[in-house]
Each structure stands twice: as C-alpha cells, then as structure tokens.
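All remarks here apply to the structure that follows.
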Amino acid sequence: MHDFTTYSETRWTRAIDAAIREMTDFAASQQFGIRRAAIMKRRRELGIVRSPDAGPKWTDARTKLLGTALDTELAAKWNIGVYHVRQRRILLGIPPFQIPPVPESEVSRRPPHQWTKKEEALLGTQPDTVIADRLDLDPGVVTVHRNRLGILPFRRGGPVEWTEGMLRLLGDVPDGTLAREYEVSHASVKIKRIEEGIPPYGQDDMDVEPVLPLAVLDQIGKVPDNVLARVHRVSRVNLRIYRALHGIPLAPYHPAERRVWKKSEDLLLGTMSDGRAAARIGTTRGQAMLRRKRLNIPAFGQQASIRWTRSRLEQLGQVADHVLARQWKISQTDVRKKREEMGIPPSQQKTSPIPAECYEQLGKAADTQVARQFSLSPTMIRNLRQQAGIAPFRSSAPFDWTKSRCKLLGKKHDEDLAAEWGVSPQFVAAKRQELKIPVYRRVRKIDWKDSRTIRLLGTMSDGQLAKQLSVTPGAVRIQRVKRNIPPFEKPK
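Numbering (our numbering), first residue to last: 659 to 1150.
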C-alpha cells in the first residue's frame, strides 16, 4: 500500500471516475494503484453513495420485538447479524434488554478458588480464557490472580500478516467479525483499518478518539507507549488508536542511562512543567516525569480554560460528559474531573435531546456542520437524515485547500479544523501529513510559579496584566487573591 498514490498525486481521469461508480473501493484501488482513502474521497466528491450492505428488511413485527430479548437471540432467530439488530434498536431509541436479576436467596455463592502451584504454573502460558475453561473458573478470576503474581499475559508471537483478502474486508464487515474470521485481535483490525483511512463498517465518519488524560496527549509520539501506559495507567491499545487517528509515529525507545539525582534537582520537580525541569536539570522530559512519579510528587497542573458558571455547574450530571465537552469546546476529561470533584454521579442520558431546528437543517448543510451547530455527533445526524429519507448535502466543487487554510494546519487540533470546514478529521490529518506539518499540541500559556510573573501582580489592573500575559482577567485575579496581593489602585 505504500507505493500507491495519494489523492493529490493521482491524475483523475474519466476512466477512473467511471470505474469508481461500478467497482468497490478496494477493487478500484488495486486496479489503478491508488490508495483506498483517496478512492473514497473521490467517490464522495462525485456524489456516489456507498452502501456496503443494504441490511435486512424491518417489518412491524420485528420492530416490536426489539428490546424484548437479547440482541444476539433476536439475530439468531432471524438469521441476520447482531450488528443490524443493535443498530436498528439504537436508531429507534429502544433500550437494550436487561436480564432480570436472580433473587438473593437463589444466588449460589462459590467459595474462593484455592490456587495450587501446578495451576499457577499455567498462568501466562495460554490465554486467560483458555485456562479459565480448563480450570472451570471465570476468566476474570484468572486474570486477577495472574496480575497479582506479576505474570505477563500470554502473547502470540509475530505481527499480523495482512493478506489481500483481509485488506479487502476492512470496513466492509464489522471489525469483530474480521477478527474472529482470521483469529486476530479486535484491536489489530481496528488500528489497521484506521491506518488505511477507512471508516468503521456502516459509517461515513472515522472513529472517535479515545479519552486520555491531557498530560498523556502531550507525550504521545515523544515517549514510548509502554512508558506512558505504565506511568499514567492508561491502555496501550488506546494509545495506538490515538496515534493511528492522528498519524503520529511510535516514539523511538532509547534505553535510559542510570542517573544519580541530586536533592536540588528533586526539589525542582513539580514546581514547573516536566519539560522545563528537564531542560534545567539536563535530562529528558520522560526521565523527569518518571522521577517525579516515583517520588509521588504531583504534576505542575494547568487549570481548565473555562469559567465554571452556575448554569454550567447545574448541567453536570444532567447531560452526558462528552456532550457538554463538545458544547463547551473543552476536553471530556475536564468535564469529568469537575463533576467528580463535586461528587455528582454521571448522567444516564447518553445523548442530548434533539431540537426541532435540527431537523430543519438536515440535508441543507454538511452533517458535520449540523452536528457542530447542535452539539451532536455526525453519525447521529446522518442516521436522522437517512431515516427521514433526505439526501446528503453535496457541494458542487471539490474542497479548496487555500493558503489561509493550509496556514491553520498544525496551529489548531485536526478535529477543530474538520468541524469548522465540514470535513473529516482524517481528511485534515492527511493534508497536514502531506505538507509535513507536525500535529498541534496545546502549550501552557503562563507559569504562575515564576517569580517574575508573580512580581507583576498588583502593579497594574488585572485587565491590563491579563492582556499582557494573554490570559483572562479572572485568571489574574484568582492568582492575586490566592497570594493576598491587594488590587492595583491608581495614584490620586
């Protein structure tokens, strides 16, 4: 796939356009030597709607049964895929079937398993599920005991060999189906599909990026995944998915030399960012971060750039975190952190109510633009539009990469630019990578522990100092009051 041409490198002819109308994306990619993502982009520009699977016909009798039994049971009864049953149920807003709990008097509690040395010797030699079946245990019991003993999980050797047949199925079937068919992990299939620029099965939009702490996002691509996963206790799979979505290569691993830390160096940790501390000490940012974590020193934090007004606080727990994050244009982590600080349980409402004005905009603008306007997901807007039988909005001209747009690449997040221009984040990332522009990384505006900055507090009005430091007046006032510094008064 690396020798195939990109969209900008391809000379689009009438013969290629005609083939795109008749052939599948994979077949056209193989025949003309064009990347599959470029074929998909060209097809959308030509207004050719891709329908990988029409799906089953939904009668009133079938619809009435949705939610009355497990999706897997209904799928087996009707001889269709579970995906179609679940998608139809979610589209109609029908909650999933809940298995009634067994009365407490009828629950048989099994005594804790007594592990023998022979059984413990099996841990890590096979998957936990296989050992669980062999010992007649729940897989979770095996996993917990293996982790308690510090035994690594079983890993099959060697990377996945992607054949032409496997690549052809990416995006044409659910990732789980392809993973089971070829006996590979679900994560491997998902990451490979994202790297190829192919949306999930039955969708036009790329995957939603996994939720990771902000401190981790600044380190991705600079610190090895295994180090980030160990220090911040996050999933390595989520790190790989995030790198694939943003086109960030894996950080090279350099074995760290053993360093003898001085007391004066330890005192710097946590008083400034890890990068700044590393520069003063003369080490890497990763080593400074690991040393700070080992000494249980909290990171030099950065407050969320949002004013927590009364109206916003009242919405916490009433609306889903990801909906509020999209609406307020901040990270979902900041919303979740504030909600948990106030002891508010998460909202059971997974989506925001759809206003009547939203239905009036369907098909009149790009799904991404409508989604951004009403703080909804593009996938939900697309489903609503298709359910109403409304054709998608099609621009008469291809996307114009003007100089002003190219200058914004790398200065904002790909997702923000994509929402602003009505295109996919993957499309923006592809152009950024083509121009060899690094990914945007949020930088800290001001160091409130710098003595030079502190000396400025109270020497001028909060508004003047805020303008000078490029922060809000409220941020200046908070720092001034925290240090008991009186406000600036003009001389009489």
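In this text, a Cβ means the ideal position worked out from N, Cα and C, and glycines have one as well.
For the alpha helix (DSSP H) containing ILE1048, name the first residue and the last one.
According to the DSSP assignment, ILE1048 belongs to no alpha helix (DSSP H), since it is labelled neither H nor E.
For the alpha helix (DSSP H) that SER922 lies in, which residues bound it at each end?
921 to 926 is the extent of the alpha helix (DSSP H) around SER922.
Consult DSSP for ALA677 and reduce its assignment to one of helix, strand or coil.
Residue state, collapsed to three classes: helix.
Helix, strand or coil: which one does DSSP assign to VAL881?
Three-state result, VAL881: strand.
Could you compute how far the alpha carbon of VAL1101 sits from the alpha carbon of ALA686?
Note on VAL1101: pLDDT 48, under 50, position unreliable in the model; the coordinate value appears next. Whole-angstrom Cα-Cα distance: 43 Å.
Taking ALA902 as part of the alpha helix (DSSP H), name the residues at either end of that continuous run.
From DSSP, the alpha helix (DSSP H) with ALA902 extends over 894 to 904.
Output needed for TRP773: all residues of its chain with C-beta closer than 8 Å, excluding positions within five of it in sequence on either side, in chain order.
Cβ within range, chain order: HIS803.
Any idea what DSSP makes of VAL831, helix, strand or coil?
Strand, per DSSP.
So, using beta-carbon positions, are VAL869 and GLN990 closer together than 7 Å?
The Cβ atoms of VAL869 and GLN990 sit closer than 7 Å to each other.
Quickly, what does DSSP pair GLN784 with across the bridge? List them, please.
In DSSP, GLN784 forms a bridge with LEU781.
Distance check for LEU825 and MET681, CA to CA, integer angstroms please.
Rounded to whole angstroms, MET681 to LEU825 spans 16 Å at the Cα level.
Can you say whether TRP736 is buried or exposed, counting buried as having 16 or more other CB atoms within 10 angstroms of its CB?
Classification for TRP736: exposed.
TYR741: first and last residue of the uninterrupted alpha helix (DSSP H) it sits in:
Its alpha helix (DSSP H) spans residues 740 to 749.
What are the start and end residues of the alpha helix (DSSP H) that includes MET947?
It spans 943 to 952 - the alpha helix (DSSP H) in which MET947 sits, taken as one unbroken run.
Using 8 Å for Cβ pairs, my map puts PHE1057 next to VAL1028. What's the rounded Cβ distance?
About 18 Å separates the beta carbons of PHE1057 and VAL1028, which is beyond the 8 Å limit, so they are not a contact pair.
Rounding to the nearest angstrom, what Cα-Cα distance links ARG968 and GLY975 in this structure?
Whole-angstrom Cα-Cα distance: 14 Å.
Mind checking who ILE692 pairs with in its DSSP beta bridge?
DSSP links ILE692 through a beta bridge to THR663.
Measure the C-alpha to C-alpha separation of PHE690 and ILE678 and round it to an integer number of angstroms.
One C-alpha to the other measures close to 10 Å.
Quick one: grab the DSSP three-state call for LYS1125.
In this structure, LYS1125 counts as helix in the three-state DSSP scheme.
If we count Cβ pairs, one from each stretch, closer than 8 Å, do we get three or more for the segment 892 to 911 versus the segment 927 to 935?
Contact between the segment 892 to 911 and the segment 927 to 935 is absent, with fewer than three C-beta pairs closer than 8 Å.
Whole-angstrom Cβ separation of HIS904 and ALA1087, contact assumed at under 8 Å?
Cβ atoms of HIS904 and ALA1087 come within 8 Å of each other, at about 6 Å.
Please state whether DSSP places ALA1024 in a helix, a strand or coil.
Residue state, collapsed to three classes: coil.
DSSP-derived helix/strand/coil call for LEU886
In the structure shown, LEU886 falls within a helical segment according to DSSP collapsed to helix, strand and coil.
Less than 8 Å between the CB atoms is what I'm expecting for PRO1036 and THR1026, so what's the real figure, rounded?
At roughly 5 Å, the Cβ-Cβ gap stays under 8 Å, so PRO1036 and THR1026 are in contact.
Is it buried or exposed for LYS987, if we count other Cβ within 10 angstroms and need 16 for buried?
So LYS987 counts as exposed.
GLU853 - containing alpha helix (DSSP H), residue span:
That run of the alpha helix (DSSP H) goes 844 to 853.
Contact check, PRO1083 vs ASP1074, beta carbons under 7 Å:
Not in contact: PRO1083 and ASP1074 (Cβ atoms no closer than 7 Å).
Quick one: grab the DSSP three-state call for VAL793.
Val is not the amino acid found at residue 793; the sequence shown has Leu there. Helix.
Output the distance between the C-alpha atoms of ASN805 and LEU948, rounded to the nearest integer angstrom.
Rounded to whole angstroms, the gap between the alpha carbons of ASN805 and LEU948 is 22 Å.
For ARG702, count neighbouring Cβ atoms within 10 angstroms of its own Cβ and tell me buried if that reaches 16, exposed if not.
It is buried - the Cβ of ARG702 has at least 16 other Cβ atoms within 10 Å.
Buried or exposed for VAL993, going by 16 or more other Cβ atoms inside 10 Å?
Per the 10 Å Cβ criterion, buried.
Limits of the alpha helix (DSSP H) - the one that THR991 falls within
Secondary structure note for THR991: its alpha helix (DSSP H) is the uninterrupted segment 990 to 999.
Measuring only the C-alpha atoms, how far is ASN1041 from LYS920?
Computed Cα separation, rounded: 60 Å.
Go ahead and pull the three-state DSSP assignment for VAL799.
When secondary structure is reduced to three states using DSSP, VAL799 falls in the helix class.
Is the separation between the beta-carbon of ALA695 and that of THR668 shorter than 7 Å?
Not a contact, by the Cβ cut-off of 7 Å.
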